[in-house]
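Since the structure comes first, as structure tokens, the remarks are kept for the end.
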Amino acid sequence: MTKLYDQSLEQLHALLVSKEISATDLTKETLARIKATDDQVEAFITVSEEKALEVAKGIDAKGIDANNVLAGIPIGIKDNIVTKDIRTTAASKILYNFEPIYDATVMDKVYQADMIPVGKLNMDEFAMGGSTETSYFKKTKNAWDFTKVPGGSSGGSAAAVAAGQVPVSLGSDTGGSIRQPAAFNGIVGMKPTYGRVSRFGLIAFASSLDQIGPLTRNVKDNALALNAISGYDPKDGTSAGVEVPDFAAKIGQSVKGMKIALPKEYLGEGIEPGVKEAVLKAAETFRALGATVEEVSLPHSKYGVAVYYIIASSEASSNLQRFDGIRYGYRSENISNLEDVYVNSRSEGFGTEVKRRIMLGTFSLSAGYYDAYFKKAGQVRTLIKQDFDNVFKDYDLIIGPASPTVAYGIGENINDPITMYLSDILTIPVNLAGLPGMSVPCGFSEGLPVGLQIIGKHFDEQTMYQAAAAFEQATDFHTKKPVILGGAE
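Residues 401 to 889 (our numbering) make up the sequence shown, in order.
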């Protein structure tokens, strides 16, 4: 029998429609695959076997809709998206036992699409980190090399897809947290335009930057998943009332005549030679397909990391005030008065990186420093956005590396916060400007995948998928598999 974990969404859909397999069969095989591989990958915090099988049974009873490619498809969910009656921890001790009483809007959409959530995926605690090493529960491994990090913060979401545990997963991206792990694991990850996907029910890290998006093994699967989760949501004040097109509609169309920008800042100091080489080859591939690729400048992007860590930490310090040991989650035993409940619960419940960012954010917002830090960061954020606006007057897309390096060793950088922060230098400006960005496999360096970042205009994900699919068709990087998925040693 075909290995179901190796199929695209359309191939699985064909099997479900022809009744060669049922949604229950597919769910059971998915759960068996997770059981067989998760000791090695450690992608899941919670596997919701009973609920998944119950949902699958219900879908089988009403029948697979032949027009809905996602019906009966299992999906993994990052553990900062709240799921009714399924434990949701944000990979933090402070939420170790939290069972939400409602679903996030994206979960409503997942159920409406007849998809089957099979569990919650590991991540950096409260999405703060770039390697999934700050999780309270476990350290997820890179699907290509178990001694390497999977990237972060959506490391569990990326590794689970790359290892064939689930065909699709949801992650969240605040400064690159979908694109960088997608790059490290050799898969496709999309961070949609800010406001495209509802954030209602996403445990907030930095509200002006966070965005939920899909991770898949190929471009079309990704477009189909984004179709399902996009749309206006009155419960989210930052949700955009913009029409949702069919993101897969332009897939298969030529990129001939398309104008693509390659910022010189994205290939400068600190970019590994192997990564730079893969990206320059990708630019050549686009030229061969008939697109124009020209060098441009995004002069303020060098300030992105500094701006991001002030804005994101400030918003985090505000958002994380709700975790206080009173209503839900972890409460310290070591208390003799109300102040102890707050101070000790937070001190014991939050990890080092989360505390570091709360302190940094509280400082940036404090009297006497607000103007020098937070206000100034907001002004530079505007300059970064204007740089993108200027380039997009003349170009359809921007390309560059998704990460300056390939995946590094577990434990290698975790004690060096500055190195960790700088590794997001190429993805952060996209979030600051609210633009859509995606990563697609574009080569290998040191035997590990390299991701090409494609950045589009606001709400123009369609063109990004068109270009990404054309690149995917012209290359074979997406067909290469890690050993755990049956690839060559």
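Glycine included, C-beta positions come from ideal geometry on N, C-alpha and C.
{"Item": "Val518 in three-state terms, based on DSSP", "Value": "strand"}
{"Item": "First through last residue of the beta strand (DSSP E) which encompasses Val693", "Value": "692–696"}
{"Item": "Pairwise C-alpha distance: Leu760 and Gly576", "Value": "20 Å"}
{"Item": "Nearest residue (CA-CA) to Ile822, options Pro474, Ile810, Ala712, Gly530", "Value": "It should be pointed out that residue 822 corresponds to Leu in this sequence rather than to Ile. The shortest C-alpha separation from Leu822 is found at Gly530."}
{"Item": "Selected residue, minimal CA-CA separation from Ala625, among Phe526, Pro567, Leu602", "Value": "Pro567"}
{"Item": "Reduced DSSP category for Ile587 - H, G, I as helix; E, B as strand; rest coil", "Value": "coil"}
{"Item": "Buried versus exposed call for Tyr773 [16 or more other C-beta atoms within 10 Å across all chains shown]", "Value": "buried"}
{"Item": "DSSP state of Thr638 mapped onto helix, strand, coil", "Value": "coil"}
{"Item": "Leu689 - DSSP class collapsed to helix/strand/coil", "Value": "coil"}
{"Item": "Euclidean distance between Cα positions of Met401 and Glu429", "Value": "With a pLDDT of 43 at Met401, under the threshold of 50, the predicted position of this residue should be treated as unreliable, though the coordinate-derived value follows. So the two alpha carbons sit approximately 12 Å from each other."}
{"Item": "Lys793 burial status per 10 Å Cβ neighbour count (16 or more: buried)", "Value": "exposed"}
{"Item": "Identity of the residues DSSP links to Phe844 by a beta bridge", "Value": "Pro849"}
{"Item": "Rounded straight-line distance, which links the Cα of Gln653 to that of Phe723", "Value": "48 Å"}
{"Item": "Buried or exposed by the 16-neighbour rule on C-beta atoms within 10 Å, applied to Pro663", "Value": "buried"}
{"Item": "Proximity winner among Tyr703, Arg756, Gly800, relative to Ala661 (alpha-carbon distances)", "Value": "Gly800"}
{"Item": "Close-in-space but distant-in-sequence residues of the same chain around Leu720 (CB under 8 Å, 5 per side omitted)", "Value": "Phe526, Phe750, Val754, Ile758"}
{"Item": "For Lys548, three-class secondary structure by DSSP", "Value": "strand"}
{"Item": "Segment contact, 8 Å Cβ cut-off, at least three pairs: the stretch 491–509 with the stretch 591–604", "Value": "yes"}
{"Item": "Cα-Cα separation between Arg433 and Val447, rounded to whole angstroms", "Value": "12 Å"}
{"Item": "Straight-line gap, Ala559 to Gly637 (C-alpha atoms, nearest Å)", "Value": "32 Å"}
{"Item": "For Ser566, three-class secondary structure by DSSP", "Value": "The sequence shown places Val at residue 566, rather than the Ser named in the question. Three-state DSSP puts Val566 in coil, outside helix and strand."}
{"Item": "Beta strand (DSSP E) segment containing Pro801, residue limits", "Value": "797–801"}
{"Item": "Cutoff 6 Å; reference His878; Cβ partners in own chain excluding five residues on either side", "Value": "Asn618, Pro841, Glu872"}
{"Item": "Beta-carbon proximity check, Gln611 vs Asp824, cutoff 8 Å", "Value": "no"}
{"Item": "At least three beta-carbon pairs within less than 8 Å, the stretch 838–853 to the stretch 680–691", "Value": "yes"}
{"Item": "Contact set for Pro474: own chain, Cβ-Cβ below 6 Å, skip 5 residues either direction", "Value": "Thr427, Thr430, Ile516, Val518, Val566"}
{"Item": "Beta-carbon proximity check, Lys775 vs Leu832, cutoff 8 Å", "Value": "no"}
{"Item": "Same chain, Cβ closer than 8 Å to Met820, neighbours up to 5 away in sequence not counted", "Value": "Gly529, Gly530, Ser531, Asn813, Ile814"}
{"Item": "Neighbourhood of Glu677 by C-beta distance below 8 Å, restricted to the same chain and skipping five residues each side", "Value": "Gly843, Ser845"}
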